[in-house]
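One structure is given below, encoded as structure tokens.
Chains as they are written, first to last, in UniProt numbering: chain A, 1 to 81; chain B, 1 to 491; chain C, 1 to 492; chain D, 1 to 132; chain E, 1 to 266.
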């Protein structure tokens, strides 16, 4: 495995995580969380944990994001922080 | 082949699934199935305890795989009585709260039963399992159902429940991380296997970090002061039915997990010789006891008072476990069992009272001894136990705790315990003073005045008295419990 | 000395407890009170049935479950316990009769509750008398505290509440904070808590620890009302008079004094106390209490309050007697349990009867009362004599033995205390009787004629007054029991 | 200097999981918005998953699916060739747990919004204080 | 503290780290022989540690139940009392009718279609694409479940994908359409049924005289070697997991997106 790619993905993961908690829009936060999950999925695939990557792809990037969006749709996008 | 341990845990799980299915078909079946499930579980726990008495420690291999490859249930002197207490208390509280559930939840009552059963499954599983990761999964089952159960209550219940969820998840994550560290350093998840592999690594910082993380996680879940922030809200706003199930069991099972981690995974040799945290933890426990008692004193509502008593009781057990001598451990384990009964009795009584009036504020309790004599009678027994009056069981565990504190030379903890007992006297007699006197101040209705007895539903009162009788019975036989279970467990 | 294993002690304890459900569910007051009497009779019968064997030097034993490894809930009926149980169970019947008269006479509320807790309190008293070890004693001691709380606060007004709080604070606080740690230390040092006739602590404790333990016990057992742990007692006089009578002249305070006596002899042992000079220490404490309480009593106008301070003083006689550590002194102390009980209960009954019949609570209003209530005031006079320790009151016997004990131990100071306090007793009791018979009544009550309390009230007080006199002439079996007990504990 | 760089490089996954955990904890504690807190919670959980997967990683090994063919399936399997499967198993479970927790948390958030009309914790607290 | 502890860790990817040396090799070296399942992850998940996995399924189940419990609004009367606009579209003319008061008769005819208040015309392409894609996704999901022995995947992933495909329908059409395809009642029964299948297989093993979840016990009944029986046992429980997960995902989505009303989703 190529450590540069690995490192790049890791960096992206952290960036997405920080972005998801700082962005001032809950819908955006949800989407960024989806991106974060997807990056993690790539990371795990790179580490050889295919089953986990598969699950993370379907759960984290898929269903969780949908849950977030559904919840935000039912409540509000507004956030103070 | 002895299948009791499997039934013990699977019976409530199966019953939960059956209820969830039956709810769509025939609602009236739900409650009997629930009772059946928990009843089977209780009987199995008795079977397990009997076997432990004759054979000592034994193992049940799930899937037939020997640990550390597979997961095994390990039943020994320590958890057999805890299993009996948990399944028994769950059964009692299920039967007791039926009316409350049906009234409050209406068409969702079957879901409530299912959640209750799943929570009990999780707690029983946590108690019986011999695998550190399996414990996490079961912890999450009882937590997730616990969040849902606490969210059903008054207006503020969802807020309290969400706070509980966030803190609870932090606690569980810490535990998981700690287990991960242990796995990384040893390569196994089985508790017995861990205890064999760990001595070689005792100097390691990672092991120390793992121990701290696991402890912090458990303390968060067990609501040890100052990590107790979630508990008062969660238990005082939740529905009475959920409080009756969770308050007696959840913190106690977490204390059991702490004992298991201290005794089986890390041996006392590590906990008390390699690292010297006991001074700090016992001080913390003393503070917890005092703070819990004082906060209870500040409450003007019976239910909130009871909730803070739970916080103080957690301090008792944690302190006992960390005093570091046989006597204090005996006290902590015995108090764990007793506290299940005491808290159950207390919360059932509160549920009974609350069923007959709007709030449990002290000012609403006037004249209750006349109108609800049976509920109040049981409450008196529970209060005696919490104060520590023999022959109620609370006295005997307090005895060991005090003795352990003296043996360890921890007079701060001793003072905290005595102080808390004194505060408990004040707490309960303040309550009884209200309840003893009817509304009019002087010379009540006289001999000829007739007071209508207006009791809680029969099932609730009967269960309440079952708990109260349990308090007395455990009190009378606490010597046998100590000799037959706790002493061998500490060998 | 034989140990007889028998269930009788347990039966004696639960006899009155067993009727509480019946009392609670009884529809009519007559049924309720009938059962109260029945239980009292059964209890007395059981206690009496054990008397001959105990007088013969035997001991009844019965053990229940093991509550702490090595410690069982157990009963052991020896001479000392028998003496106390006999007093308590006899006086219970009398007090029940009196309660009926008093409660009905005043049409008090919640009578069912009253009789129930009365029964529980008595069970606890007998249990304490028969306790075989410290844990059992502690258990019944605590149950007694809780069972008497509703009785003390029976009137349910603000004063009763405050008194109830004070009562609980001293009694429960003392037992939890002082006695419990002391018990645990004893268990740690000696490994047992079973009362031994000559104590079990000998050889296990140093002088400093023994002193500390002694202080923890005597102050922690606050029912004995050793100063400064006495202030609950006058406060608790807000209770209805029969409660004050039985509980604060007989059951509660006597359980305190009895427990202290039991702890001194059964835990420390006479030899240990003598060896470390602790007897003298306790005797000094008791003497101070006696004198101070007597002086305070002099200044009280409320009859019940004066009686209360008198009780505080008299209780310390018992402690003083035991603290003298001589056979005569201990005999005197123990007999004083019985003699004072009969004398003081008479006085309380009289106070109650006066209140029921004339509505008077204060001594200053009692001038000339003897003409209106001759029987009551006559009984009061006899009771006073007994408590002061003048013949023909039974109290003379106990004071005599106390004085002998003081002589025997060559402590003339304590003899002086005894004599001087008796003088004080006379000073605060005799004027009451004198004024009642010889002073002129206030004008409005001059020609009232005879106005006695209801017969249910008068008969018991007449009975106890006569019993006091009878005990002077024939102190059997109390004196025999006390002598036997003193012989057992001093190893003589 | 060399050694520190080496240390950082050799264990960079572990450093990452710690920083992710801190991000998650920060969001859970410092953020005011409930959904933000929930996101933080999930980040915390995934950080731990990352930690476990990093434990399982093995240099020069392949995914834990045993190579086999129907004919001669019984040649010896060398553990060193395959990545440690156990952490993967555990983390499958952990992911499931995290999505379950997420569902419950969001459900609670919706309930709260329906009742208080806001997701900001301080605003909810104000409302609670005004009308207890 | 964590940072300090990290210094004590074995290096990343070190094959000689203790984690790799104790239990893991045994799994790797024996799993195929004993369970006839090449995917070691699946073997460990559903056989060695199947007790864990059963509770994992139970966690999912309880989460679904919790969402249902927390959000679902069932009292129909209350809903109708709420004053709420409802929109209907006449299919033939595309005319939109608004009905306001609850007392008014709610038309229930095949020519009218109820619309959400926030309704926006949806892209035909998205709709059609979703409709076409859904069966393939579902087919793939079934493959994932069934082929979990050999390739990455298994009951859980398959279940999630199945659930996701139905959520996709709900997203592209509306919640009502998907609720018609997957009625709440069916899902409500399927979700516990999944756990029941799992625990039932375990209980069957007990009935056959072995320990709970010891699939080897099924060998006699299935007429196969214990290894193959284990493999089949894994398949059975995977199906249970898939059923439970699928049903639960749909329940959670339906409740979250409609805040419990099940009337109008996203």
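We treat Cβ as the ideally placed atom computed from N, Cα and C, and that holds for glycine.
Residue 99 (chain D) reaches chain A at 59, 60, 63, 64 and 67, counting residues in chain order whose Cβ is nearer than 9 Å. In this structure the segment 430–438 of chain B does not touch the segment 307–324 of chain B; the number of beta carbon pairs closer than 8 Å is below three. In terms of Cα proximity to residue 232 (chain B), the closest of B:60, B:299 and B:27 is B:299. A buried status is given to residue 96 (chain C), since no fewer than 16 other beta-carbon atoms sit within 10 Å of its beta-carbon.
In the DSSP assignment, residue 61 (chain C) is bridged to C:5 and C:76.
The criterion of a C-beta distance shorter than 8 Å is satisfied by residue 42 (chain D) and residue 33 (chain A). Around the C-beta of residue 171 (chain B), 16 or more other C-beta atoms lie within 10 Å, and the residue is accordingly described as buried. Setting aside the 5 residues that flank it on each side, residue 129 (chain C) is surrounded in the same chain by 81, 84 and 85, each with a C-beta closer than 6 Å to its C-beta; the list follows chain order. Under a criterion of Cβ atoms nearer than 7 Å, no residue of chain D is adjacent to residue 232 (chain B); the nearest Cβ is some 14 Å distant. When secondary structure is reduced to three states using DSSP, residue 77 (chain A) falls in the coil class, being assigned neither helix nor strand. Nearest CB-CB separation between residue 215 (chain E) and chain A: not below the 8 Å threshold. Counting C-beta pairs with one atom in each stretch, the segment 98–108 of chain D and the segment 64–71 of chain E have three or more that are closer than 8 Å, which means they touch.
The three-state secondary structure of residue 72 (chain B), taken from DSSP, is strand. Taking 7 Å as the Cβ-Cβ cut-off, the segment 82–94 of chain D approaches chain E at 82, 84, 85, 86, 88, 89, 92 and 93, given in chain order.
Distances from the CA of residue 144 (chain E) to each of E:193, E:239, E:51 and E:134 were compared; the closest alpha carbon is that of E:239.
Neighbours of residue 147 (chain B) in chain E, taken as residues whose beta carbon is under 8 Å from its own, are 66 in chain order.
DSSP, reduced to helix, strand and coil, places residue 67 (chain C) within a strand of the structure shown.
Spatial neighbours of residue 269 (chain C) in its own chain (CB-CB distance under 7 Å, excluding positions within 5 residues in sequence) are listed in chain order as 198, 199, 201 and 202.
If you compare the alpha carbons of B:58, B:13, B:17 and B:387 with that of residue 41 (chain B), the shortest gap goes to B:13.
Identification of chain E residues near residue 103 (chain D) by a Cβ-Cβ cut-off of 8 Å yields 63, 64, 66, 67, 252 and 256, ordered along the chain. Here residue 258 (chain C) is not near residue 335 (chain C), since their CB atoms are 8 Å or more apart.
When the alpha-carbon of residue 242 (chain E) is set against those of E:164, E:37 and E:220, the nearest one is in E:164. Under the Cβ criterion of 8 Å, residue 28 (chain D) is counted among the residues facing chain B. Apart from the 5 residues on each side of it in sequence, residue 350 (chain C) sits with its Cβ closer than 6 Å to the Cβ of 376, 379, 380 and 461 in its chain, given in chain order. Within 7 Å of the CB of residue 483 (chain B), the CB atoms of chain C belong to 69, in sequence order along the chain.
If one requires a minimum length of 3 residues, the beta strand (DSSP E) runs lying completely within the segment 27–103 of chain B are 58–61 and 72–75, in chain order.
In terms of Cβ geometry, residue 248 (chain C) and residue 233 (chain C) form a close pair [threshold 8 Å].
When secondary structure is reduced to three states using DSSP, residue 121 (chain C) falls in the helix class. Distance from the CA of residue 5 (chain A) to the CA of residue 39 (chain A), rounded to the nearest whole angstrom, comes to 12 Å.
A Cβ-Cβ contact shorter than 8 Å links residue 149 (chain B) with residue 245 (chain B). With a cutoff of 8 Å on beta-carbon distance, residue 441 (chain C) and residue 361 (chain C) are scored as not near each other.
At least 8 Å separates the CB of residue 38 (chain D) from every CB of chain E. Listed along the chain, the chain E residues whose CB falls inside 7 Å of the CB of residue 61 (chain B) are 211. Burial check for residue 181 (chain E): the Cβ neighbour count within 10 Å stays below 16, so the residue is exposed. Nearest CB-CB separation between residue 136 (chain E) and chain A: not below the 8 Å threshold. What residue 53 (chain D) touches in chain B, judged by beta-carbon distance under 9 Å, is nothing: the nearest beta carbon there is about 10 Å away.
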